[in-house]
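Notes for the one structure printed next.
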């Protein structure tokens, strides 16, 4: 990808974050990227192709991977705090706004799988970890999926509210939230 193409992708995605996909026009993209609108159509078939190419780039798609859950200590508090920190580092408020901006009938079929992959990787990694902890006798239940979904929701909820309201709902920073959230979560699932 040459620099002009990258500028177009970045401009388009910034506008999708700010306005949503439908309200973003190629004219607006061209203006933000500092190119003529014709240049967009020389480089891409249209707005949809720009977005789909962007979704393959790390800047516009969190690189949450199964390996993020492999470095564990066996200490529930430390490990779950580490998983939450990784999640919040990679699933940023900007990505949440972007994923909301991409929820449109025109893109649903093409972006659903890529957006769904992020929470699925997190859920699966946490489920595998909780299974190990149950086998070690540390948990009261073997309902790993339910516990993993609760933990995912606690993490996503914080990022979602930060994306939606900034500090308007809470001034609490991510790390303070993580420590308190993990403590409350652990008290609900341990023996």
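Residue numbers (the working numbering): 102 to 292.
Glycine residues also receive a C-beta, built at the ideal position from the N, C-alpha and C atoms.
Here the structure is a predicted model, which means the values were calculated and not measured.
Query raised in the report: If residue 243 and residue 235 are in contact, beta carbons under 8 Å, what's the gap, nearest whole angstrom?
Result: Indexing the chain shown from 1 puts residue 243 at position 142. Indexing the chain shown from 1 puts residue 235 at position 134. Residue 243 to residue 235, Cβ: 5 Å. Contact.
Query raised in the report: How many Å lie between residue 185 and residue 124 at the Cα?
Result: By one-based count along the chain shown, residue 185 stands at place 84. By one-based count along the chain shown, residue 124 stands at place 23. Cα to Cα, the separation comes out at about 33 Å.
Query raised in the report: To which residues does DSSP link residue 125 through a beta bridge?
Result: As a first step, residue 125 is located in the chain shown; it is residue number 24 there, counting from the start. In the DSSP output, where bridge partners are listed per residue, residue 125 has none listed.
Query raised in the report: So what does residue 291 bridge to, in DSSP terms?
Result: Locating residue 291 in the chain shown gives position 190, where the first residue counts as 1. According to DSSP, residue 291 bridges with 240.
Report task. Check residue 284 in the structure and name its three-state DSSP category. Result -> Position 183 of the chain shown, counting from 1, holds the residue named residue 284. In this structure, residue 284 counts as helix in the three-state DSSP scheme.
Query raised in the report: Which residue spans inside the segment 181-221 form an unbroken alpha helix (DSSP H) run of at least 4?
Result: 194-202
Report task. Note down, in chain order, each residue of its chain lying with its Cβ closer than 8 Å to the Cβ of residue 149, except the 5 sequence neighbours on either side. Result -> Taking the chain shown and counting its residues from 1, one reaches residue 149 at position 48. Same-chain partners within the cutoff: 207, 208 and 211.
Query raised in the report: Roughly how many whole angstroms lie between the Cα atoms of residue 282 and residue 128?
Result: The count along the chain shown starts at 1 and reaches residue 282 at position 181. The count along the chain shown starts at 1 and reaches residue 128 at position 27. The alpha-carbon atoms of residue 282 and residue 128 are separated by roughly 44 Å.
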